[in-house]
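See structure below.
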Amino acid sequence: MTEPRHAAPDEEQPQVVVNDRRRIDPETGEVRPPAHAAPEEGAAPEEPLVAEVVDEVAAELKTQLDERTADLQRLTAEYANYRKRVERDREAVINNAKATVAGELLSVLDDIERAAAHGDLTGAFKAVADKLVSTLQKTGLEPFAHEGEAFDPSVHEAVQHSTSPDVDGPTVTAVLRRGYTFGEKLVRPALVAVTDHEPGAAPAPAEEA
0 MTEPRHAAPD EEQPQVVVND RRRIDPETGE VRPPAHAAPE EGAAPEEPLV AEVVDEVAAE
60 LKTQLDERTA DLQRLTAEYA NYRKRVERDR EAVINNAKAT VAGELLSVLD DIERAAAHGD
120 LTGAFKAVAD KLVSTLQKTG LEPFAHEGEA FDPSVHEAVQ HSTSPDVDGP TVTAVLRRGY
180 TFGEKLVRPA LVAVTDHEPG AAPAPAEEA
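In structure tokens:
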């Protein structure tokens, strides 16, 4: 029978390591830090991680700020365009209303012009007529068409036509009814007599003295 071998007094015994994984210290009752957590004295290695997190947060905040700034700029531009469009539409409505009122008074202006041509525009009637014409012109109503100007079918309406060697091309030779514009808008075309150049004809030679 073999007796158990007893280690010699000087023989080194193997050490047994027991890892206590309990989160609560049984002696103090305090919560133990995680095993992988670095001790307080080792805070320095965590600084790069903290700096990285701060950089990420700062980058995210900057991205959000840029997006909000872009949204604000876009809204500001849209509002500015909206105001311009509203103002432009308002001016167009006002100008159209003025042009409509002025158009209703064109027959009165025609009567005034005929009276002036016949010498009947005198006294108080002339003073009132001059004031009316001046007021309408201040609002933007302008007469046009005179003899000798080139015929323009976009603003002239030809009601008489003739030919002559004395003109180089279609020319207004008589204004039968004056035309009017209001700003850039044509309120009424002018009624005119037009003379075209007569092909093959030459002006009569001047008589020698």
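Residue numbers for the sequence shown follow numbering that gives the first Met the number 0, so the first one is 0 and each next one is one higher. Just so you know, even glycine gets a beta-carbon here, dropped at the ideal spot from N, CA and C.
Asked                                                                                                     : Found
Endpoints, alpha helix (DSSP H) assigned at residue 122                                                   : 122-138
Cα-Cα separation between residue 191 and residue 158, rounded to whole angstroms                          : 6 angstroms
Boundaries of the beta strand (DSSP E) in which residue 195 is found, first to last residue               : 189-196
Same chain only: Cβ atoms within 6 angstroms of residue 41, ignoring 5 sequence neighbours per side       : With a pLDDT of 49 at residue 41, under the threshold of 50, the predicted position of this residue should be treated as unreliable, and no value is reported.
At least three beta-carbon pairs within less than 8 angstroms, the stretch 114-124 to the stretch 146-162 : no
Buried versus exposed, by CB contacts within 10 Å (16 or more), residue 93                                : exposed
Simplified DSSP assignment, three categories, for residue 171                                             : strand
Beta-bridge partners of residue 185, as assigned by DSSP                                                  : 180
For residue 142 and residue 113, believed in contact at Cβ under 8 angstroms, the rounded distance        : Contact flag wrong, Cβ pair sits at about 14 angstroms.
Which residues DSSP lists as bridging residue 162, in chain order                                         : 195
Beta-carbon separation (whole angstroms), residue 193 vs residue 171, contact threshold 8 angstroms       : 6 angstroms
Range covered by the alpha helix (DSSP H) that runs through residue 107                                   : 105-116
Under 8 angstroms between C-beta atoms of residue 168 and residue 145                                     : no
Contact the stretch 76-83 vs the stretch 99-110: 3+ CB pairs below 8 angstroms                            : no
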